[in-house]
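Numbering (UniProt numbering), first residue to last: 1 to 346.
The following block contains the structure:
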């Protein structure tokens with residue numbers, strides 16, 4: 001049984017709903033969502049899509065890896081009553097009749113415009129850190145033109161903080177600086193605890209005293225971990241045939257959730273780092289829990305502190321570590337320190 005995946009996001013969703021209802025020009029129709037892995041970016045984009053569909057919009061959800069402009073065009077073409085797009089190039093000053101246009105920015109823009117005229121169009125773009133810059137510029141330019149024309153369009157994109165910031169400072173995409181910035185943070189403990197209690201009780205199971213506190217602590221304010229912990233705890237009670245969530249269910253659920261979290265979040269994230277960056281993380285894990293001084297990490301690695309600044313910056317950009325204050329870093333993803341400490345030998 002999954003706790004709600006959108007805990008604490010009500011205001012964001014309400015603002016987006018009102019933006020669709022208020023019509024073209026509403027500022028919350030352009031959204032840039034940032035956050036570390038597993039904090040709920042994709043879930044939020046999916047929720048935007050559900051809301052837009054309820055309002056009669058065409059919705060195209062794409063990942064930002066290479067070829068996403070073609071995939072957007074393909075999705076719009078499949079949704080149109082007339083699958084083949086043609087335009088009259090009389091704007092060139094010579095009437096050539098109606099001719100087919102190859103896949104290009106012109107065709108993409110025309111398809112987007114047609115969708116916006118027929119109910120509205122929302123495009124969501126996920127994992128922006130994987131986006132080829134030329135395609136991002138192509139899509140961004142078409143969206144900017146539609147916005148200027150007052151088209152019934154909305155656009156939301158999501159990614160790691162550094163990548164989202166990088167998009168809006170590109171000289172050809174500065175209009176996206178107007179997009180509302182939604183920075184997803186860890187959830188408050190009271191939100192998580194209330195969600196566990198409410199979800200399980202409404203689904204027909206009682207919760208033993210203190211269990212929701214144990215689950216809340218294990219979730220660490222991390223939306224994906226909330227989902228995993230809730231699911232596997234519910235599963236444990238169901239397999240016992242019990243209508244009550246007991247401490248033993250929480251303990252089993254947390255242990256299983258930790259394994260899934262390692263496999264689904266931590267290990268894929270670590271596969272993206274270089275050897276030296278991995279050494280930095282392993283040394284950081286050995287320095288103890290909580291925030292760690294950069295100088296202590298360098299000493300643990302046996303190198304000069306100035307030589308690790310590049311690794312630190314890249315790991316911050318990759319949203320694997322955070323810099324809460326000058327000269328200090330902490331892990332951005334819960335349980336990463338524990339994983340490294342348990343799996344990596346000196």
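Yeah, the Cβ is synthetic: ideal placement off N, Cα and C, and Gly gets one too.
Item: Whole-Å CB distance - residue 224 paired with residue 335, under 8 Å assumed; Value: That pair is no contact at about 11 Å.
Item: Which of helix, strand or coil DSSP assigns to residue 11; Value: helix
Item: Counted within 10 angstroms of its Cβ, other Cβ atoms place residue 11 as buried (16 or more) or exposed; Value: exposed
Item: Sub-8 Å separation of residue 127 and residue 166 beta-carbons; Value: no
Item: Cβ neighbours of residue 246 in the same chain (closer than 6 Å, five flanking residues each side left out); Value: 208
Item: Run of the beta strand (DSSP E) containing residue 223, from where it starts to where it stops; Value: Per DSSP, residue 223 belongs to no beta strand (DSSP E); it is in the alpha helix (DSSP H), 223-239.
Item: Selection from 13, 9 and 149 that minimises the alpha carbon distance to residue 25; Value: 149
Item: Cβ shell of residue 75 (< 6 Å), same chain only, five flanking positions each side left out; Value: 60
Item: Per-residue burial, residue 249 [other beta carbons within 10 Å of its own, 16 or more giving buried]; Value: buried
Item: Beta-carbon spacing of residue 332, residue 322 below 8 Å; Value: yes
Item: Whole alpha helix (DSSP H) elements within the stretch 288-325, 4-residue minimum; Value: 294-301 and 309-317
Item: Residues near residue 236 by beta carbon distance below 7 Å, same chain, minus five either side; Value: 249, 252 and 253
Item: Residue 214 versus residue 196 - alpha carbon distance; Value: 11 Å
Item: Within 8 Å, strictly: CB atoms of residue 221 and residue 265; Value: no
Item: Residues bridged to residue 159 [DSSP beta-bridge criterion]; Value: 34
Item: Exposure of residue 339, with buried meaning 16 or more beta-carbon neighbours within 10 Å; Value: buried
Item: Pair within 8 Å by beta-carbon distance, residue 36 and residue 319; Value: yes
Item: Proximity winner among 69, 121, 33 and 77, relative to residue 55 (alpha-carbon distances); Value: 121
Item: Environment of residue 269 [buried if 16+ CB atoms lie within 10 Å]; Value: buried
Item: Straight-line Cα distance separating residue 19 from residue 242; Value: 45 Å
Item: Coil, strand or helix - residue 46 by DSSP; Value: helix
Item: Whether residue 135 touches residue 109 by CB criterion (8 Å); Value: no
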